[in-house]
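>
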Amino acid sequence: MKKISLLGATGSIGKQTLDIIKAHPEQFKLSALAFGSNMESGIKAIEDFSPKFVSVKDKETYDELKSLFGHKSITFSYGIDGLIEAATYDEADILVNAVIGSVGLLPTMKAIESKKTIALANKETLVTAGHLVTEHAKKHGVSLLPVDSEHSAIFQCLQGENEKSLTKIILTASGGSFRDKTRSELIDVTVEDALKHPNWSMGAKITIDSATMMNKGLEVIEAFWLFNMPYEKIEVLLHKESIIHSMVEFHDRSVIAQLGSPDMRVPIQYALTYPERYPFPHSKQLNLWEIGTLHFEKMDLERYRCLKFAYESGKIGGTMPTVLNAANEEAVAAFLHGKIKFLQIEDLIEQALTQHDVINQPTLETIQEIDHSTRAFVQSLI
Ligand SMILES: NC(=O)C1=CN([C@@H]2O[C@H](COP(=O)(O)OP(=O)(O)OC[C@H]3O[C@@H](n4cnc5c(N)ncnc54)[C@H](OP(=O)(O)O)[C@@H]3O)[C@@H](O)[C@H]2O)C=CC1
Ligand SMILES: CC(=O)[C@@H](O)[C@H](O)COP(=O)(O)O
Ligand SMILES: [Mn+2]
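Numbering (UniProt numbering) for the sequence shown: 1 to 382.
#1: How many Å lie between residue 257 and residue 223 at the Cα?
#2: Can you tell me the Cα-Cα spacing of residue 151 and residue 381, whole angstroms?
#3: What does DSSP give as the partner residue(s) for residue 78 in the beta ladder?
#4: Can you check the stretch 18–52 for any beta strand (DSSP E) of at least 3 residues that lies completely inside it and give the ranges in chain order?
#5: At a cut-off of 8 Å, would you count residue 328 as near ligand 3, judging by its Cβ distance to the nearest heavy atom?
#6: Cutting at 7 Å between CB atoms, please list the residues of its own chain near residue 164, excluding the five before and the five after it.
#7: Would you call the CB atoms of residue 57 and residue 79 closer than 9 Å?
#8: Residue 230: beta carbon under 8 Å from a heavy atom of ligand 2?
#9: Ends of the beta strand (DSSP E) at residue 167?
#10: Under 8 Å, with one C-beta from each stretch per pair, do the stretch 349–358 and the stretch 323–339 reach the 3-pair mark?
#11: Pick helix, strand or coil for residue 135, following the three-state DSSP scheme.
#12: I'd like the list of long-range same chain contacts for residue 318, defined as Cβ closer than 8 Å, with 5 residues on each side in sequence excluded.
#13: Pairs of beta-carbons, one from the stretch 79–98 and one from the stretch 47–57, closer than 8 Å: are there three or more?
#14: Would residue 285 be called buried (16 or more neighbouring beta carbons within 10 Å of its own) or exposed?
#15: Looking at the secondary structure, which residues open and close the alpha helix (DSSP H) in which residue 336 lies?
#16: Tell me residue 386's beta-bridge partners as DSSP assigns them.
#17: Ignore the nearest five residues each way along the sequence and tell me which others in residue 24's own chain have a CB closer than 7 Å to its CB.
#18: Please list, in chain order, all residues with a C-beta atom less than 7 Å from at least one heavy atom of ligand 3.
#19: Since residue 112 contacts residue 97 with CB under 8 Å, what's their CB separation in whole angstroms?
#20: Closest to residue 121 by C-alpha separation, out of 157, 265 and 208, would be which residue?
#21: Within 8 Å, do at least three Cβ pairs link the stretch 98–108 to the stretch 122–133?
#22: Excluding sequence positions up to five away, which residues of its chain have a Cβ less than 6 Å from the Cβ of residue 61?
#23: Using three-state DSSP, classify residue 237 as helix, strand or coil.
#24: To the nearest angstrom, how far is the alpha carbon of residue 238 from that of residue 173?
#25: Based on the DSSP secondary-structure assignment, which residues constitute the bridge partners of residue 144?
#26: Pick out whichever of 267, 372, 298 and 177 has its Cα sitting closest to the Cα of residue 283.
#27: Tell me the rounded alpha-carbon separation between residue 246 and residue 146.
#28: I'd like the span of the beta strand (DSSP E) that includes residue 258, first residue to last.
#29: So is residue 68 buried or exposed if we call it buried at 16+ other beta carbons inside 10 Å?
#30: From the DSSP output, read off the bridge partner residues of residue 298.
#31: Mind checking who residue 94 pairs with in its DSSP beta bridge?
#32: Jot down the residue ranges of each uninterrupted alpha helix (DSSP H) in the stretch 178–227, minimum 4 residues, whole runs only, in chain order.
#33: Just how far apart, CA to CA, sit residue 191 and residue 181?
#34: Kindly indicate which three-state DSSP category residue 151 falls into: helix, strand or coil?
#35: Closer than 7 Å by C-beta to residue 332: which residues in its own chain qualify, once you throw out the five before and the five after it? Chain order, please.
#36: Confirm, please, whether the CB-CB distance from residue 221 to residue 130 is below 9 Å.
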């Protein structure tokens with residue numbers, strides 16, 4: 001039986017991870033969980049899975065939970081220390097990191113030190129400090145297993161292959177909520193419209209990232225670190241159906257793709273069962289005849305400026321991706337709170353990148369400082 005610690009248990013990936021754990025009670029046990037402040041979903045997860053350790057974002061939520069569950073043998077904690085305690089919970093074998101944002105970095109680093117296998121949904125961690133996370137995983141002999149659908153697809157396509165014969169990674173992109181709009185039509189789009197992703201039901205931040213194409217930008221950097229592939233060999237292809245989750249090209253020009261109905265529970269389960277493949281209890285068979293036609297388009301980097309920023313930041317390296325990520329997190333939060341317009345997200349990111357003097361090979365402390373100062377800079381502009 002694999003024992004799991006789950007960060008972000010009340011979120012989109014978190015809840016789908018709980019579905020998988022519930023579907024395989026003989027194989028998985030939830031030992032520890034962490035969430036922010038969504039009490040309704042948090043209480044349900046505690047009642048359904050009886051974890052031994054629970055951490056929440058703040059003291060207020062912690063006090064409330066303790067008063068509800070204090071009589072049970074659950075240890076409670078809160079804040080970043082609690083998140084780290086959950087990530088490193090002694091009994092757990094595997095950490096599913098499904099929190100949103102760079103707050104996931106420190107718990108991941110500590111979980112690696114504690115020799116936990118890492119099932120990583122939290123892509124911001126690899127974007128902000130990919131060199132530290134991958135080096136740390138190597139040093140401690142820990143596996144970093146992708147949960148993100150594209151990276152899981154690539155990982156699946158690479159099974160049994162020699163990575164030296166890999167010539168290109170092709171990440172597919174749905175185009176997000178506004179893929180059929182021109183740039184001038186984006187001027188007055190609303191938060192409500194931006195949150196309507198055509199194919200996936202996801203948390204708010206990643207849904208906005210999909211609409212700006214920053215999600216694909218973050219995924220390009222994520223692929224760079226996970227598969228050790230130069231940026232020139234990571235291509236993004238518009239594919240509006242989200243049926244092909246990504247592809248790899250080999251030096252004999254064979255291209256292998258992973259296909260499936262869009263359902264994050266498949267890559268989550270694969271990360272949890274790897275190297276085995278379990279039956280998927282909620283299977284929706286992919287019938288290509290029902291879909292009929294799949295579409296592909298070359299990516300336009302002027303239409304999707306965030307993707308261009310991500311390629312540029314990734315290639316510069318050092319602290320540039322940290323700035324990209326922190327500026328994006330702040331700008332998206334501001335958009336979601338109605339403080340800025342949609343197109344201002346990319347303007348703010350561009351200004352943050354332009355003012356930054358890159359630092360190479362940053363330490364964890366430097367990453368944290370730059371993350372902090374970039375957020376303050378973007379806030380000052382807002
Ligand atoms: N959703 C998807 O389909 C996909 C998501 N991903 C990636 O997975 C990650 C999670 O995304 P998603 O599930 O959509 O996000 P959600 O916003 O749905 O969920 C985020 C989770 O993180 C928790 N959280 C946020 N801040 C803190 C904190 N400081 N301390 C503790 N918990 C915190 C939230 O708690 P609460 O709500 O209780 O406050 C919630 O449980 C992201 O990095 C995203 O890019 C990747 C591929 C697909
Ligand atoms: C499900 C998943 O992995 C998301 O990251 C998804 O890729 C979002 O879709 P697009 O970014 O392609 O719109
Ligand atoms: Mn993805």
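For glycine and all other residues, C-beta sits at the position ideal for the given N, C-alpha and C.
Reading off the structure:
#1: Distance from the CA of residue 257 to the CA of residue 223, rounded to the nearest whole angstrom, comes to 15 Å.
#2: Using only the alpha carbons, I get a separation of about 34 Å.
#3: Residue pairing for residue 78: DSSP places it in a beta bridge opposite 56.
#4: The stretch 18–52 contains these whole beta strand (DSSP E) runs: 28–34.
#5: Not so, every heavy atom of ligand 3 lies at least 8 Å from the Cβ.
#6: The answer is none, since no qualifying residue turns up.
#7: Yes, they are a contact pair.
#8: For residue 230, the shortest separation between its Cβ and any heavy atom of ligand 2 does not lie below 8 Å.
#9: First-last of the beta strand (DSSP E) with residue 167: 166–173.
#10: In this structure the stretch 349–358 touches the stretch 323–339; the number of beta carbon pairs closer than 8 Å is three or more.
#11: Correct three-state label for residue 135: helix.
#12: Excluding sequence neighbours, residue 318 sits near 358, 359, 360, 361 and 362.
#13: The stretch 79–98 is in contact with the stretch 47–57.
#14: Label assigned to residue 285: exposed.
#15: For residue 336, the enclosing alpha helix (DSSP H) begins and ends at 320–336.
#16: Within the shown structure, residues of the chain are numbered from 1 to 382, placing residue 386 beyond reach of any answer.
#17: The beta carbon of residue 24 lies closer than 7 Å to those of 278 in the same chain, with the five residues before and after it left out.
#18: Spelled out in chain order, the answer is 148, 149, 150, 215 and 219.
#19: The beta-carbon separation of residue 112 and residue 97, rounded to 11 Å, does not stay under the 8 Å limit for a contact.
#20: The residue with the shortest Cα to Cα distance from residue 121 is 265.
#21: With a cut-off of 8 Å, the stretch 98–108 and the stretch 122–133 count as touching, because enough Cβ pairs lie within range.
#22: Its chain contains 37 as the residues whose beta carbon lies nearer than 6 Å to that of residue 61, once the 5 sequence neighbours on both sides are disregarded; these appear in chain order.
#23: Strand at residue 237.
#24: Separation of residue 238 and residue 173 (C-alpha to C-alpha, rounded to the nearest whole angstrom) is 5 Å.
#25: According to DSSP, residue 144 bridges with 118.
#26: Ranking 267, 372, 298 and 177 by Cα distance to residue 283 puts 267 first.
#27: Approximately 13 Å between the Cα atoms of the pair.
#28: Where residue 258 is concerned, the enclosing beta strand (DSSP E) stretches over 255–259.
#29: So residue 68 ends up on the exposed side.
#30: BP columns for residue 298 point to 237.
#31: Residue 94 is bridged to 4 and 117.
#32: The alpha helix (DSSP H) runs of length 4 or more contained entirely in the stretch 178–227 are, from start to end of the chain, 191–194, 204–212 and 214–227.
#33: Distance between the alpha carbons of residue 191 and residue 181 is about 15 Å.
#34: It is helical.
#35: Scanning its chain for C-beta atoms nearer than 7 Å, with the 5 sequence neighbours on each side dropped, one finds around residue 332 the residues 205, 208, 209 and 345, in chain order.
#36: Contact flag set, yes.
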